[in-house]
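Single-structure report; data block below.
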Amino acid sequence: DGSESSAPQQAQAVAVHPAVEPLSYLLGTWRGQGEGGFPTINSFKYGEQLNFSHPGNKPVIAYSQKTWKLNSGEPMHAESGYWRPKPDGTIEVVIAQSTGLVEVQDGSNSILFIEILFIEVFCRRMAISNMNRYYAMAESLSLKIKGTYDAEEKVVKLHSELVGNASKVREITRVFKLVNEELVYVVEMATSLNSLQPHLKASLTKL
Ligand code: HEM
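Numbering (the working numbering), first residue to last: 434 to 640.
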């Protein structure tokens, strides 16, 4: 009951920043299911939870996402970042994707696990003692995204301005739309081999 626990509650009580107001319908936690695919991979289904929060007083929405395998609950992709809506209807979004150290510590992400194994073998062969740089390359992909939002239509359209630290991905678009109280999105990507086309589609309801 000390001041430590009351501070976050006070922060929540702060009014929504005017820049965030048009997107305030996003704030909260959303959960649902999605489907993924691409010409080069097998299609798959996943569970997903998204959280949009607004600590108040700054024109920023904090975003975090996690996904899991539907049958086992095993973690899949996760990412987090910040959405910065501007009064002119443009929006800047930064996202750090992480197939993530946390999932590796769980021993549950086989894709990253194989990548990590590969890096360890590679570094040992090349007598590289500091593997951290190589781990970082495998684990993260930073995206800078510019887009627009339409507060009336409740649509946010994002297009990558910069895709960094990615071996295959060249371009990413994301469209989020509120349809009958559901948050529906499509993520498309272009890789070095394939033109821009859907990788993910999902539909989420607010908890
Ligand atoms: C495969 C990128 C989100 C699950 C891939 C590939 C790329 C990629 C480049 C390999 C495609 C190829 O080999 O041609 C991205 C990007 C994402 C994203 C940029 C976000 C913007 C997700 C999410 C999930 C996911 C959210 C899970 C819910 C998978 C799976 C594969 C895959 C299962 C196939 C396995 C594999 O070959 O690695 N993704 N991905 N991805 N992605 Fe994603």
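Quick reminder that beta carbons are idealized off the backbone N, C-alpha and C, glycines included.
| Check | Outcome |
| --- | --- |
| Identified DSSP bridge partners for Val-453 | None, per the DSSP bridge assignment. |
| Paired residues, beta bridge with Tyr-618 - DSSP | Phe-609 and Ala-635 |
| According to DSSP, residues forming a beta bridge with Asp-583 | Val-588 |
| Complete runs of the beta strand (DSSP E) confined to the stretch 448–524 [at least 3 residues] | 461–471, 474–486, 494–502 and 508–518 |
| Through-space distance from Gly-461 to Tyr-582, alpha-carbon basis | 18 Å |
| Ser-628 versus Glu-621 - alpha carbon distance | 9 Å |
| Status (buried if at least 16 other CB within 10 Å, exposed otherwise) for Val-526 | buried |
| Trp-501 and Lys-639 closer than 7 Å at C-beta | no |
| Within 7 Å, strictly: CB atoms of Gln-498 and Leu-483 | yes |
| Check: Val-449 C-beta below 6 Å from any heavy atom of ligand 1 | no |
| Nearest-angstrom Cα separation, counted from Leu-503 out to Ala-599 | 27 Å |
| With 16 other Cβ atoms within 10 Å as the buried cut-off, status of Glu-507 | exposed |
| For Met-559 and Val-608, the rounded distance between their alpha carbons | 43 Å |
| Glu-615 versus Thr-624, Phe-485 and Ala-635, residue with shortest Cα-Cα distance | Ala-635 |
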